[in-house]
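Protein chains in written order, with the UniProt record's numbering: chain A, 1 to 216; chain B, 1 to 216.
First comes the structure, then the notes that go with it.
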DNA sequence: GCGGTTACGTAACAGCGTTACTTCATCGAA
DNA sequence: TTCGATGAAGTAACGCTGTTACGTAACCGC
């Protein structure tokens, strides 16, 4: 086949095709050859533009973190900071469920060609967590959470949220209690663990639930 | 090479070699050919004994769950049920850190040839959680935890623990707070979230810490 | 118009899981 | 004691993977 001079940037086409392949067929379906076929190019395109499959995956992961951050940023601060924290939890989980395969790649739950996050990638993840840290700080100022470092509290909430999403996506939550039940129970437990009054959390949870974004 | 009639059971030799390969070189190092070379056999040995790579992995995962259950079962019930719960948390994390690669395979954090847990495998995981459910039930009876279904409470604790271990093994917990700090902070938060008095938890945590098993 | 750079395709290499097909050792029965 | 069956092992191949050496064609600055 003769060389083609069609796409303005084959790189973006590759990224879009990779995202589609990953979403539709999972990590196993994302191969250089299928990628090349999807954009009508050769497998070497991946190497000229990204230097290898792992760098392409890294670019996708960066985009995933950016989207997660965008999604978290849509949660506005209100006078009920605890509701804000839980609204962020809803946003986090909703984003993960909208892009399950990408989430599993982002957090290592799907090995993709020996891909591993670099130090810089982790800084990206830290940045993503910032809206939650802010909300926790405000909840602490409002006296709902007991005194403590908002970063540590937020990190522990994120850890628990990740555990839930990770096990939910892996299909480990079945039993009598499915992921929805576990999620709301965990939100209440997390707020109580941070110092909020158990009953006060219930009212905030109702507010947070009303603020759920309809779709990504 | 002529056929060999050496091993009493090549199946167990394969499993042992697989465990060693996985532990020493990670999921990427566990291939049929390297496995065959490790036991001095051909790749077809995997198929005659396990019917495929994924079934061999499944056998390893079952062994991993069994070992986790054994480890959890070494935590004895005491008069301080909250300390028991946290001691189980220590045991869970210690077992995971002793077998990090296996843990990541067990919970899907390392794709191994399209391996996926079956319904029966999940029942196995449920069985593993039982010691924690019992401890939570006793903490509830002792009035330390607020009234609620021990299974749901235990499941949420497990979810949070998995989140921590998963992110720790993936190298996501750096920052000012490393995994050790996050772990103990999370234990306190979890107990408080379940209804325990925040200060009472501190004393129980000290007891649980003293009970840590030295090694696997 | 021309030379250098860059982007791309072709073809190949090594390695992967998997699977016919063959060989050989063992065991039970006549 | 010999014979047939069973089953476990090896050999070789298929199709797939990521990756790379090499050739070629298009673009860009002069």
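The beta carbon of each residue, even a glycine, is placed where N, CA and C say it ideally should be.
Asked: Residues in the same chain with beta-carbon distance under 6 angstroms from residue 138 (chain A), minus the five sequence neighbours each way, listed in chain order, please.; Found: 81
Asked: Could you check the C-alpha separation between residue 171 (chain B) and residue 98 (chain B) for me, to the nearest Å?; Found: 16 angstroms
Asked: Would DSSP call residue 118 (chain B) helix, strand or coil?; Found: coil
Asked: My parser needs the alpha helix (DSSP H) runs of 4 or more residues fully inside the UniProt domain "HTH tetR-type" (8-68) of chain B; what are they?; Found: 10-25, 32-39 and 44-50
Asked: Would you give the residue range spanned by the alpha helix (DSSP H) that residue 159 (chain B) belongs to?; Found: 150-170
Asked: Look at the Cβ atom of residue 92 (chain B), then the Cβ atom of residue 161 (chain B), and state whether they are nearer than 7 angstroms.; Found: yes
Asked: Between residue 166 (chain B) and chain A, is there a C-beta pair that is closer than 7 angstroms?; Found: yes
Asked: By the criterion of Cβ-Cβ separation under 9 angstroms, what are the contact partners of residue 175 (chain A) in chain B?; Found: 122, 126, 151 and 155
Asked: Alpha helix (DSSP H) containing residue 187 (chain B): first to last residue?; Found: 179-194
Asked: For the alpha helix (DSSP H) that contains residue 87 (chain A), what are its first and last residues?; Found: 81-98
Asked: Between residue 72 (chain B) and residue 208 (chain B), is the Cβ-Cβ spacing less than 7 angstroms?; Found: no
Asked: Does the Cβ of residue 44 (chain A) have 16 or more other Cβ atoms within 10 Å, making it buried, or fewer, making it exposed?; Found: exposed
Asked: Grab the span of the alpha helix (DSSP H) containing residue 130 (chain B) for me, first residue to last.; Found: 130-141
Asked: With DSSP as the reference, label residue 205 (chain A) as helix, strand or coil.; Found: helix
Asked: Let me make sure I understand the geometry here. Which of B:70, B:34, B:213 and B:88 has the alpha-carbon closest to that of residue 187 (chain B)?; Found: B:88
Asked: What's the call for residue 176 (chain B), buried or exposed, on a 16-neighbour Cβ count within 10 Å?; Found: exposed
Asked: Compute the Euclidean distance between the alpha carbons of residue 121 (chain A) and residue 142 (chain B), then round it to the nearest angstrom.; Found: 46 angstroms
Asked: Is there a Cβ from chain A that is less than 7 angstroms from the Cβ of residue 64 (chain B)?; Found: no
Asked: Between the stretch 183-197 of chain A and chain B, which residues of the former have CB atoms less than 7 angstroms from a CB of the latter, in chain order?; Found: 185, 186, 189, 190, 192, 193 and 194
Asked: Are there 16 or more other CB atoms within 10 angstroms of the CB of residue 52 (chain A), so buried, or fewer, so exposed?; Found: exposed
Asked: Quick check on the burial criterion: 16 or more other C-beta atoms within 10 angstroms. Buried or exposed for residue 179 (chain A)?; Found: buried
Asked: Under 6 angstroms Cβ to Cβ from residue 168 (chain B), same chain only, skipping five residues before and after it: list those, please.; Found: 179
Asked: Is residue 69 (chain A) close to chain B, meaning its C-beta is less than 7 angstroms from at least one C-beta of that chain?; Found: no
Asked: Could you tell me which chain A residues have their CB closer than 9 angstroms to the CB of residue 171 (chain B), listed as they occur along the chain?; Found: 108, 116, 117 and 122
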